[in-house]
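K.L.:
My questions will all concern the structure given below.
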Amino acid sequence: VVTWGDPQAGGDSSRVRDRLSGGVRTIASTHSAFAALKDDGSVVVWGKSREGGLLWREEVGAGQLEEQLAGGVVAIYSAKSAFAAVKADGSVVNWGTIHVPPDAQERLAGGVQTIYSAELAFLAVKDDGSVVAWGDARAGGDCSAAEARLSAGVRAVCASQRAFAAQLRDGGVA
C-alpha cells in the first residue's frame with residue numbers, strides 16, 4: 001500500500017508501513033482514516049485517530065480492540081468517521097465515532113452476514129434476515145419506526161447519505 005496527501009487524513013502511513021508491505025486484501029476509508037484488511041484476517045489502521053485511524057474505543061480501550069482485530073476479520077465497512085468489521089464468527093467490531101449502544105451489542109455478537117453504511121450510521125443484516133442499526137438516529141441509526149415491516153426479513157439494503165431502504169424477502173420495501 002502506498003499513501004500520499006494530507007498526513008492527518010491518512011496520507012502518511014509510515015507508522016504502519018511494515019504491516020502494509022504485502023498481503024492486503026482490501027482497504028476502506030472514513031473521511032480522514034483508512035483500514036486495511038489483510039489476507040490473514042487482521043486489520044491495520046492509520047489516519048486521524050478520532051475517525052478510526054487508531055484502534056481505540058472508550059468503552060473497551062485499545063488493547064481489547066487490537067485483540068479483536070488481530071485476526072478472523074472477513075470484511076470491513078466504513079462510514080464518515082467510523083469503521084465496522086465482520087468476523088468469521090458473525091460478530092461485529094466497531095471503532096471510530098459511531099458507538100454501538102448496549103442493546104445492539106448483544107445482537108451484533110453473532111450471525112451478521114453483511115453491513116451497510118450511511119454517513120453517520122451502520123445497518124447489519126443477520127443470517128435470519130433481521131437487521132441491527134446503530135449510529136445517529138436521524139441518519140438511519142434507529143430502525144425502530146420500521147421494525148414491524150422489517151420483521152418480514154431483509155433481502156438487500158441500499159444506503160443514501162442519511163437513510164436506508166431495505167428490500168424485503170416478501171418483495172416489499174421498508
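Quick note on numbering: the sequence shown equals residues 1 to 174 in UniProt numbering. Here a beta-carbon is modelled for each residue, glycine too, at the ideal position from N, C-alpha and C.
In the DSSP assignment, find the unbroken alpha helix (DSSP H) run with residue 148 in it and report its ends.
P.N.:
147-150
K.L.:
Are residue 134 and residue 157 close, meaning C-beta to C-beta below 8 Å?
P.N.:
no
K.L.:
How about the region 104-117 and the region 67-74: do they share at least three Cβ pairs that are nearer than 8 Å?
P.N.:
no
K.L.:
To the nearest whole angstrom, what separates the beta carbons of residue 168 and residue 145, a pair I think is in contact under 8 Å?
P.N.:
Contact flag wrong, Cβ pair sits at about 15 Å.
K.L.:
Quick check on residue 174: buried or exposed, where buried means 16 or more other Cβ atoms within 10 Å of its Cβ?
P.N.:
By the neighbour-count criterion, in which 16 or more other beta carbons inside 10 Å mark a residue as buried, residue 174 falls on the buried side.
K.L.:
Measuring CB to CB, does residue 85 end up less than 8 Å from residue 43?
P.N.:
yes
K.L.:
So what does DSSP say about residue 129, is it helix, strand or coil?
P.N.:
coil
K.L.:
Measure how close the beta-carbons of residue 65 and residue 95 come, nearest whole angstrom, since I'm counting them as under 8 Å.
P.N.:
6 Å
K.L.:
Starting from the Cα of residue 177, find the closest Cα among 126, 81, 63 and 103 and give me that residue.
P.N.:
What the structure shows of the chain is the stretch from 1 to 174, and residue 177 is not part of that stretch, so it cannot be assessed.
K.L.:
Identify whether residue 5 lies in helix, strand or coil by the three-state DSSP scheme.
P.N.:
coil
K.L.:
Leaving out the 5 sequence neighbours to the left and right, which residues in its chain are closer than 7 Å to residue 142 when beta-carbon positions are compared?
P.N.:
133
K.L.:
Can you give me the Cβ contacts of residue 137 inside the same chain, cut-off strictly under 7 Å, excluding the 5 residues immediately before and after it?
P.N.:
Nothing meets the Cβ criterion.
K.L.:
Considering only residues of the region 1-81, which uninterrupted alpha helix (DSSP H) runs meet the minimum length of 4 residues and lie entirely inside it, listed in chain order?
P.N.:
61-68
K.L.:
Taking Cβ positions, are residue 120 and residue 79 nearer each other than 8 Å?
P.N.:
Residue 120 places its beta carbon less than 8 Å from that of residue 79.
K.L.:
Can you name, in chain order, every residue of its own chain whose Cβ lies under 7 Å from the Cβ of residue 12, other than the five neighbours on each side?
P.N.:
3
K.L.:
Less than 8 Å between the C-beta atoms of residue 118 and residue 155, yes or no?
P.N.:
no
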